[in-house]
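Following: one structure in structure tokens, then a few remarks.
Number of protein chains: 2
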Amino acid sequence: MSDSAAVRIEAAAMQTLIETLGRIGEQPGGGIIRHVYSPAWVAARRQLETWMTDAGLQVREDAVGNLFGRIEGRSARTVLTGSHVDTVILGGRYDGALGVLSGLAALRALEPLGQPAKSLELVVLCEEEDSRFHANFWGTRGILGLIQPDELDGLTDLDGVRISEAMRQVGLDPERSREAVRDDLDAFVELHIEQGRILFDEGLPLGIVETITGLYRFKVSVEGRTDHAGTTPMDLRQDALQAAIRMAAEMTELVRAAGRPAVVTNGWWDVQPGAWNIVPGHVAFSVDLRHPNEATKQRLQREIRLRCEALANEMGVRVAFELASDILPCDMDTGVRAALAAAADGLGVRWMPMVSGAGHDSQVMATQVPTGMLFVPSVEGRSHSAAEYTSAEDAARGATVLAAALHRLAF
Amino acid sequence: MSDSAAVRIEAAAMQTLIETLGRIGEQPGGGIIRHVYSPAWVAARRQLETWMTDAGLQVREDAVGNLFGRIEGRSARTVLTGSHVDTVILGGRYDGALGVLSGLAALRALEPLGQPAKSLELVVLCEEEDSRFHANFWGTRGILGLIQPDELDGLTDLDGVRISEAMRQVGLDPERSREAVRDDLDAFVELHIEQGRILFDEGLPLGIVETITGLYRFKVSVEGRTDHAGTTPMDLRQDALQAAIRMAAEMTELVRAAGRPAVVTNGWWDVQPGAWNIVPGHVAFSVDLRHPNEATKQRLQREIRLRCEALANEMGVRVAFELASDILPCDMDTGVRAALAAAADGLGVRWMPMVSGAGHDSQVMATQVPTGMLFVPSVEGRSHSAAEYTSAEDAARGATVLAAALHRLAF
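These protein sequences, in sequence, are chains A and B.
Each residue of the first sequence is one higher than the last, beginning at 1 in the working numbering.
Each residue of the second sequence is one higher than the last, beginning at 1001 in the working numbering.
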């Protein structure tokens, strides 16, 4: 164990990695577009392959396009780290990429320490963002055997290109995609930017994720009566908009009162007919409710529905709900968390336990593999934009903790 | 005066007129499209011309396409009645049309009574609805000399046709449009459906308009901060949507508390970026505020703005206002109103004084000509739809009061 004390990843090294990868797919006006199986994605993987080879890792690609760099251990059982290399449209340099680069820096630092007990491997996951195909977690799902056969010809991008065609264009054979499935994984550790502002506001450099939050999404549709905005007295209206905004305001109060980490968002609205001079007769809006405790999540969604129904009654309109998704919270593995905490404590890095409010590859990986996550600060919580930023010092500190944790898990 | 006691317009006669005109421009799935200068509009005018000629009226067309049927009086000074013949897209059989048909029925009934003191004239106004060109009140503005020369080539429909071209297609010379201007009008009386549900709910057959309401329209823009819906705690958000809906709810309460006839409507909303999983950073919505008392209207708009600003401060967002229109209330002429009331009372028709919450040709005409309006009930307040309905009995009762009032004004 004493060997790992020598592992220190420098800010300057992280800076170089972040800048180099961040230029691949960068657009003239700023922001990165690095969709799965696109030329920018191919270029990014080529760069990573070079770095991995230079670090003495055994490089290989799997059947869906995940890229691996391996240090063979005395056992074939594998401790895996990494994240995804694809981006949202006009994304930043850190989301996904920082997990890949921290893993690279960690394995590069650990490689000289001799053969580990377990094999240690970096994964560059091919897809997570759902931004070209509705392929969400494609790389992780490939590894876990969760890709459905009909997805290969069923998923198309906005140009009508099938994901199977896109795979062929980068030299992959979609018919062999089941070959990506692995059963040798003992642990998965993913470092990621927080994508929120809790660490930034707290002035802390590190979070260790306890749970990835549960998600409950539904559409609320309110039916009132379309009326003339000039000739219909206020007391005779069945205004779908006024009912809908009271529902949205009251569910927000209810979730706010539940306290952190409960969140609810009404991000999408459709107000019909949408004319200045017509009382809205139909309003639909989205509810995105998240809580890491399943019982609390379900209680909140029930209370929200009841409150909406009561308001509909009170205001003389009809309300209907349409479930969009109900995703269970996902606890991180106790053993992996303990290794992450011990590594941070051993390095004197202050950290806090956190809930991840966003979804990550880790929540899919955790369904089959003991999994843990590290968060590093996002300045001002910026995410999914060119404004994403994590200082090189915070990135290096995170990568150092990651390396120490991987040492604990593999050596 | 005693002659007018014989004037009774029958429900069956009104029914025939309404049904015949209502079929012109009717669409296969219901609803009428009778845009100004369209083939359906030409056909409707041809039918009206036939009816007017059959009734012994002197028929003529003016330079913008208004159609007139006249009973020449001992004086050339003219008492005018009528309304518009164009419709909104998929409009009903009553809006505008009923004023034209009531005027037709009234003049047809008055014609046999001998030569009136003043000339009596029916006008079929060519355009009011603003539904093909942004030509709002085109017919009335033609009569009053309020058409701006640059409108003739400047106003285009959705197909790019200029209003001057559309005029030529129906045989009108746009260069002669100033010839439509008249200075011989002593009074204008317009019968219209209420387009609201006050008479329907009160069970009254007639309204006499005191004032056409004032209108104050503005756009509210709220700037907050776009954030990740999962990773941003409720207490760290600057949610533009949550601020906007509180503004809308509070202005509604404020106007509701002011009591009838104050109304406010938030009919149009734009929520950006509009994704389920992003806290809205920008929201814009419309405010359509109406009150027949100018001072009250201005007080309400000021209070609404102050309330919005206070809420923006409280919720950490920015708010801006953009005025769209500020239209003065328009009082109907005392003399014309008295003639309408005396006619109704003389016939034993129960009526109530009303505010018109909608705009009408009368508000433009009133800027130069003593003007009054009669309202007949709209069943369930339906308007601007195929569901518009006024019973033949209510229509006939309204037309009878109109005839009696015209008799008082012209004989």
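Here a beta-carbon is modelled for each residue, glycine too, at the ideal position from N, C-alpha and C.
Note down, in chain order, each residue of its chain lying with its Cβ closer than 6 Å to the Cβ of residue i, except the 5 sequence neighbours on either side.
i        : result
D1183(B) : none
D1394(B) : P1205, V1376 and P1377
D1326(B) : Y1216
Q272(A)  : H282
I304(A)  : M251
A1248(B) : N1266
A97(A)   : L21
S1164(B) : L1152, D1153 and P1174
D1270(B) : A1284
Using only the alpha-carbon positions, how far apart do residue i and residue j sit?
i        : j        : result
R108(A)  : M52(A)   : 8 Å
E309(A)  : E294(A)  : 23 Å
A404(A)  : A13(A)   : 17 Å
R42(A)   : Q169(A)  : Just to set this straight, residue 42(A) is Val in the shown sequence, not Arg. The alpha-carbon atoms of V42(A) and Q169(A) are separated by roughly 11 Å.
Q1195(B) : E1072(B) : 33 Å
P1412(B) : A262(A)  : The shown model of chain B, from 1001 to 1411, leaves out residue 1412(B), and the question about it has no answer.
R350(A)  : R225(A)  : 57 Å
A338(A)  : F68(A)   : 26 Å
M373(A)  : G274(A)  : 45 Å
R424(A)  : P329(A)  : A query on residue 424(A) cannot be resolved here, the shown segment of chain A reaching from 1 to 411 and no further.
S177(A)  : A63(A)   : 5 Å
A135(A)  : A1229(B) : 21 Å
F218(A)  : A324(A)  : 5 Å
A1044(B) : V1059(B) : 15 Å
H360(A)  : I193(A)  : 11 Å
R290(A)  : V264(A)  : 6 Å
L1311(B) : I1245(B) : 10 Å
R34(A)   : V1220(B) : 37 Å
E1061(B) : E1049(B) : 10 Å
P1028(B) : L1101(B) : 24 Å
V79(A)   : R46(A)   : 23 Å
E253(A)  : R302(A)  : 15 Å
T334(A)  : D345(A)  : 16 Å
At a threshold of 6 Å, does residue i count as lining the ligand NAD (C-beta to nearest heavy atom)?
i       : result
T252(A) : In the structure on display, the ligand NAD does not appear, and there are no ligands present to speak of.
With distances taken between CB atoms, is the gap from residue i to residue j smaller than 7 Å?
i        : j        : result
E1223(B) : H1282(B) : yes
F1133(B) : V1364(B) : no
G99(A)   : S83(A)   : yes
S131(A)  : I89(A)   : yes
R162(A)  : D150(A)  : no
E1026(B) : I1018(B) : no
L1125(B) : G1103(B) : no
N266(A)  : F285(A)  : yes
F200(A)  : V369(A)  : no
R197(A)  : G357(A)  : no
G1203(B) : M1352(B) : no
G92(A)   : S385(A)  : yes
R77(A)   : D159(A)  : no
A1399(B) : E1010(B) : no
D288(A)  : W1276(B) : yes
P416(A)  : L306(A)  : This structure leaves residue 416(A) out entirely; chain A is present only between 1 and 411.
M1498(B) : T1296(B) : What the structure shows of chain B is the stretch from 1001 to 1411, and residue 1498(B) is not part of that stretch, so it cannot be assessed.
A1117(B) : F1411(B) : yes
Within its chain, find whatever has a CB closer than 7 Å to the CB of residue i; leave out the 5 residues flanking it on each side and keep chain order.
i        : result
A343(A)  : V401, A404, A405 and R408
G1316(B) : Q1238
N66(A)   : V123, V124, L125, C126, G139, G142, I143 and A180
G1056(B) : E1111
Between residue i and the rest of its own chain, which residues show a CB-CB distance below 8 Å, the 5 nearest in sequence each way excluded?
i        : result
Q1115(B) : I1071, E1072, G1073 and R1074
V355(A)  : V209, E210, T211, I212, T213, P261 and P292
R23(A)   : none
* Asked: Which residues, taken in chain order from the stretch 226-249 of chain A, show a beta carbon closer than 9 Å to some beta carbon of chain B?
  -> T226, D227, H228, A229, G230, T231, T232, P233, M234, D235, L236, R237, D239, L241, Q242, A244, I245, R246, A248 and A249
* Asked: Enumerated in chain order, which unbroken segments of the beta strand (DSSP E) with a length of 3 residues or greater are wholly contained in the stretch 65-109 of chain A?
  -> 67-71 and 75-84
* Asked: Which parts of the stretch 1336-1377 of chain B are runs of the alpha helix (DSSP H), unbroken and 4 residues or longer, counting only runs that do not cross its ends?
  -> 1361-1365
* To do: Return the chain-ordered ranges of every beta strand (DSSP E) run that is complete within the stretch 195-246 of chain A and spans a minimum of 3 residues.
  => 207-212 and 214-223
* Of the residues that make up the stretch 1194-1211 of chain B, which ones have a beta carbon closer than 9 Å to any beta carbon in chain A? -> E1194, Q1195, G1196, R1197, I1198 and D1201
* To do: Write down every uninterrupted run of the beta strand (DSSP E) in the stretch 1031-1063 of chain B whose length is 3 residues or greater and which is fully enclosed by it, in chain order.
  => 1058-1061
* the stretch 286-302 of chain A: positions lying closer than 7 Å to chain B by Cβ -> S286, D288 and R290
* Asked: Which whole runs of the beta strand (DSSP E) in the stretch 1115-1147 of chain B are 3 residues long or more, in chain order?
  -> 1118-1125
* Sequence ranges, alpha helix (DSSP H) only - wholly within the stretch 150-188 of chain A, length at least 4 -> 163-169
* Could you name the residues of the stretch 1356-1367 of chain B whose beta carbon sits closer than 7 Å to any beta carbon of chain A, in the order they occur along the chain? => G1357 and A1358
* To do: Identify each residue in the stretch 40-67 of chain A for which the Cβ-Cβ distance to at least one residue of chain B is less than 9 Å, and report them in chain order.
  => none
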